[in-house]
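Here's the structure, in structure tokens; my notes come after.
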Amino acid sequence: MLGRVVTAAFTRSLKGRRCSTVAGTADSALSEQYQELIKETGTSLTPENAHHSLLVIHPKIRWGENSAPKTTTPELQLAEAITLVKTLPGFTVANSVVVGTDYNTKKKRIWGAGRVEALVDVKNSHHVTAVMVNVDMLSPLQQSELHSVFGVPIYDRYNIVLLIFKQYAKTREAKLQIELAEIPYIRHRMKFLDNVDENPSVLNIKMGL
Numbered sequence: 001m002l003g004r005v006v007t008a009a010f011t012r013s014l015k016g017r018r019c020s021t022v023a024g025t026a027d028s029a030l031s032e033q034y035q036e037l038i039k040e041t042g043t044s045l046t047p048e049n050a051h052h053s054l055l056v057i058h059p060k061i062r063w064g065e066n067s068a069p070k071t072t073t074p075e076l077q078l079a080e081a082i083t084l085v086k087t088l089p090g091f092t093v094a095n096s097v098v099v100g101t102d103y104n105t106k107k108k109r110i111w112g113a114g115r116v117e118a119l120v121d122v123k124n125s126h127h128v129t130a131v132m133v134n135v136d137m138l139s140p141l142q143q144s145e146l147h148s149v150f151g152v153p154i155y156d157r158y159n160i161v162l163l164i165f166k167q168y169a170k171t172r173e174a175k176l177q178i179e180l181a182e183i184p185y186i187r188h189r190m191k192f193l194d195n196v197d198e199n200p201s202v203l204n205i206k207m208g209l
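Everything in the sequence shown is counted per the UniProt record's numbering, starting at 1 for the first residue and increasing by one.
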């Protein structure tokens with residue numbers, strides 16, 4: 001199950017990229033591009049030896065075209081997210097919850113004020129050092145807003161899957177795929193930071209080494 005979950009999530013993140021066909025000089029060029037990006041902007045913040053106790057939240061879209069397909073349930077989707085988190089050494093799940101939201105997950109805080117307040121209470125009643133919101137990718141604005149609410153690092157599926165592959169990647173091809181997936185993530189967030197006064201660590205990136 002874990003292999004299917006991780007592979008499916010990572011495949012979505014690499015949609016449209018043909019990493020397996022890249023070889024030789026192209027490999028070197030892409031690696032150089034990645035290293036240059038790190039120097040100029042940032043890279044994934046969380047080190048491999050990080051330790052976090054997470055509150056995992058699955059937003060249940062209650063109606064509309066973005067609601068969960070009939071082939072799964074919110075509880076199963078939450079269970080998959082928990083499985084992903086537990087794959088990372090040092091990452092544990094303090095609590096998990098399904099919380100309804102209307103139509104989509106595009107609102108800047110995803111939920112209304114009442115539900116956000118209730119989630120903060122859940123977070124404060126457990127030893128929580130980070131929150132995972134079980135969506136494919138949060139926008140930089142959402143990450144920033146949710147960080148301001150919860151006061152801890154905010155992760156999405158993209159973050160977690162990248163960290164898993166970083167932890168276990170052994171081959172050059174696997175490492176290249178991770179670099180390719182990370183480049184647009186970093187650039188998108190750096191573009192957001194150009195227009196706001198925000199600490200890059202809030203978006204799970206750090207400035208170049």
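We treat Cβ as the ideally placed atom computed from N, Cα and C, and that holds for glycine.
Residues that residue i bridges to, as DSSP identifies them
| i | result |
| --- | --- |
| Asn-95 | Leu-55 |
| Lys-106 | BP columns for Lys-106 are empty, so no partner. |
| Lys-60 | Gly-100 |
C-alpha gap between residue i and residue j, whole angstroms
| i | j | result |
| --- | --- | --- |
| Ser-20 | Asn-195 | Interpretation of Ser-20 is limited by its pLDDT of 41, a score under 50 that renders its predicted location unreliable; the figure taken from the coordinates is listed afterwards. Cα-Cα distance, rounded: 36 Å. |
| Ile-164 | His-127 | 23 Å |
| Gly-112 | Leu-119 | 11 Å |
| Ser-144 | Gly-90 | 24 Å |
| His-52 | Pro-184 | 25 Å |
| His-188 | Leu-54 | 25 Å |
| Thr-92 | Gln-167 | 16 Å |
| Asn-199 | Ser-148 | 11 Å |
| Val-99 | Thr-71 | 19 Å |
| Phe-150 | Asn-124 | 9 Å |
| Lys-86 | Asp-156 | 14 Å |
| Gly-114 | Ser-139 | 22 Å |
| Leu-78 | Thr-101 | 15 Å |
Beta-carbon gap between residue i and residue j smaller than 8 Å
| i | j | result |
| --- | --- | --- |
| Leu-76 | Ile-160 | no |
| Val-135 | Leu-146 | no |
| Ile-82 | Val-133 | no |
| Asn-95 | Val-122 | yes |
| Ile-154 | Thr-105 | no |
| Pro-59 | Ile-110 | yes |
| Tyr-158 | Met-190 | no |
| residue 212 | Ala-169 | Look at the range of the chain in this structure, 1 to 209, and you will see that residue 212 is not part of it. |
| Thr-129 | Val-152 | yes |
| Leu-141 | Lys-107 | no |
| Leu-162 | Ile-178 | yes |
Three-way DSSP call (helix, strand, coil) for residue i in this model
| i | result |
| --- | --- |
| Lys-123 | helix |
| Thr-83 | helix |
| Gly-114 | helix |
| Leu-76 | helix |
| Met-190 | helix |
| Val-202 | helix |
| Leu-180 | helix |
Minimum Cβ-Cβ distance from residue i to chain B less than 8 Å
| i | result |
| --- | --- |
| Ile-160 | The structure shown contains no chain B, having only a single protein chain. |
Residue i CB to nearest heavy atom of the ligand COA below 7 Å
| i | result |
| --- | --- |
| Tyr-155 | Summarising the ligand content, the structure contains no ligands, and the ligand COA is consequently not present. |
Identify every run of the beta strand (DSSP E) within the stretch 129-176, keeping only runs that are complete inside it and at least 3 residues long; order them along the chain. 130-133
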